[in-house]
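Chains as they are written, first to last, in my numbering: chain F, 1 to 112; chain B, 113 to 227.
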């Protein structure tokens, strides 16, 4: 299976704390993307990191990519209650043109 | 610029009926993707289409499922003779012409319930 895995499956933190989610994948990639999904809603694109990049920042988000370990992490700093959602990584494989392979997701709960 | 639009948002069908899910991509986008999400799971790729062409249907079940993206009008995902196992959220995404492995923009999804 090309499906990636994320850990933890669920994360519960207090507002103001940092949240770190990890993602592993199995094939070569062109890029890796992180999405957020609020309960019962569609996915919102957060950040994309290309296979030749190691780290990327966007606001309170920091993404790292280690292609030798086939893993990525998403860090959300100074979390807010509004960050409560499911977070998915998705990789665009080298030979799977157009197809995103999603991980199982991490459910993040931020308590006010 | 309106986002990706999907309708209906909720669809209830009885076993054996047909389900038609529609997706209008963002303006200017020529790539459309369909994904299925079962409860408590991540999204699974189904099919990737460009106008009048199926590019990759490796995730489509072999029977009862079909997809099209005609020259005019929305993309349609069609499920014939639905069964309870088809109950899921179906998401459509689109991306602009060019490198299709970049960001995909997702619609709100259609939640299909099969009774």
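In this text, a Cβ means the ideal position worked out from N, Cα and C, and glycines have one as well.
Asked, Found
"Cβ shell of residue 13 of chain F (< 8 Å), same chain only, five flanking positions each side left out", "19, 79, 108, 109, 110, 111"
"Interface flag, residue 230 of chain B vs chain F, CB-CB below 9 Å", "Residue 230 of chain B is absent from the model: chain B starts at 113 and stops at 227."
"Short CB-CB distance (under 9 Å) between residue 67 of chain F and chain B", "no"
"CB contact below 9 Å: residue 116 of chain B versus chain F", "yes"
"Proximity of residue 101 of chain F and residue 203 of chain B at Cβ, strictly below 9 Å", "no"
"6 Å CB neighbourhood of residue 148 of chain B in its chain, flanking five on each side removed", "156, 158, 200, 202"
"Under the three-state DSSP convention, the category residue 200 of chain B falls into", "strand"
"Minimum Cβ-Cβ distance from residue 136 of chain B to chain F less than 9 Å", "no"
"Beta-carbon proximity check, residue 128 of chain B vs residue 216 of chain B, cutoff 9 Å", "no"
"Environment of residue 40 of chain F [buried if 16+ CB atoms lie within 10 Å]", "exposed"
"Separation of residue 10 of chain F from residue 104 of chain F, as counted between CA atoms", "11 Å"
"Chain-ordered neighbours of residue 26 of chain F on chain B, where CB pairs are closer than 8 Å", "By Cβ distance, chain B contributes nothing, its closest Cβ being about 14 Å from residue 26 of chain F, past 8 Å."
"Contacts around residue 33 of chain F, its chain only, beta-carbon distance under 6 Å, and the 5 residues preceding and following it disregarded", "48, 90"
"Identity of the residue in B:206, B:153, B:114, B:132 nearest residue 178 of chain B by Cα", "B:132"
"Exposure label - residue 99 of chain F; buried when at least 16 CB within 10 Å", "buried"
"Under 8 Å by beta carbon: chain A residues contacting residue 41 of chain F", "No chain A is part of this structure, whose protein chains are labelled F and B."
"Within the segment 74-111 of chain F, ranges of the beta strand (DSSP E) (whole runs, at least 3 residues)", "85-93, 100-102, 106-111"
"Chain F contact for residue 157 of chain B (CB, 9 Å cutoff)", "yes"
"Per-residue contacts from residue 141 of chain B into chain F (C-beta, under 7 Å)", "Neighbours of residue 141 of chain B on chain F: none; closest Cβ ~12 Å, over 7 Å."
"Cβ-based neighbour list, residue 1 of chain F, same chain, cut-off 7 Å, excluding 5 preceding and 5 following", "Here the model assigns residue 1 of chain F a pLDDT of 33, short of 50, so the residue's position is not dependable and the matter cannot be decided."
"Beta-ladder partner(s) of residue 63 of chain F, from DSSP", "F:56, F:74"
"Chain-ordered chain B contacts of residue 33 of chain F [CB-CB under 9 Å]", "214, 215, 216"
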